Amino acid sequence: MECTRLPHDHGQQIEKELDQVPSSEMFQTVAEIFKQLGDGSRVRIFWLLCHCEECVINISSMVEMSSPAVSHHLKQLKAGNLITSRREGKEVYYKAADTQQAKLLHQVIEAMMEIACPGK
């Protein structure tokens, strides 16, 4: 493939590297995942579900939110493939997805809390 030529030469010789830049679609996928965590309540719910499997009622109690509000956040997290659910009788239980993405996001959340909130 021919090397991309930039309009201004700043001596960095980055043109060779440009062929290795991921596609716009890949960046959009990552942005969609981060968008799921654009709400503090959703981050909190996701973090909790990384540590336990729970039903909506218990999650609502844990985060002191209404069940409909928690259900809304769960729907968003599930659409982003960050959590999974299973039905047992009439009860639905939620937990973090067992994926590399979910595990990495959990690690990032914990690391960011250590950095941003050192005096927890």
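In UniProt numbering, the protein residues as written are 1 to 120. Note that the Cβ used here is the ideal one computed from N, Cα and C, for glycine as well. Model, not experiment: these values are computed from the prediction.
Start-to-end residues for the alpha helix (DSSP H) that takes in residue i
i   : result
A31 : 24-36
G40 : 40-49
Own chain residues within Cβ distance below 6 Å of residue i, not counting five before or after
i    : result
D39  : none
H106 : C50
H102 : Reading off the sequence shown, one finds Ala at residue 102, where the question assumed His. Excluding positions up to five away in sequence, the list reads L82, A96.
V56  : S67, V70, S71
Secondary structure of residue i, DSSP reduced to three states
i    : result
I83  : strand
E110 : helix
V63  : helix
V21  : coil
P7   : coil
Q12  : coil
Beta-bridge partners of residue i, as assigned by DSSP
i   : result
K95 : T84
E54 : Y94
Nonlocal neighbours in the same chain, by C-beta distance under 7 Å from residue i, ignoring five residues either side
i    : result
A111 : none
E91  : C55
Contacts around residue i, its chain only, beta-carbon distance under 8 Å, and the 5 residues preceding and following it disregarded
i   : result
L48 : E54, I59, M62, V63
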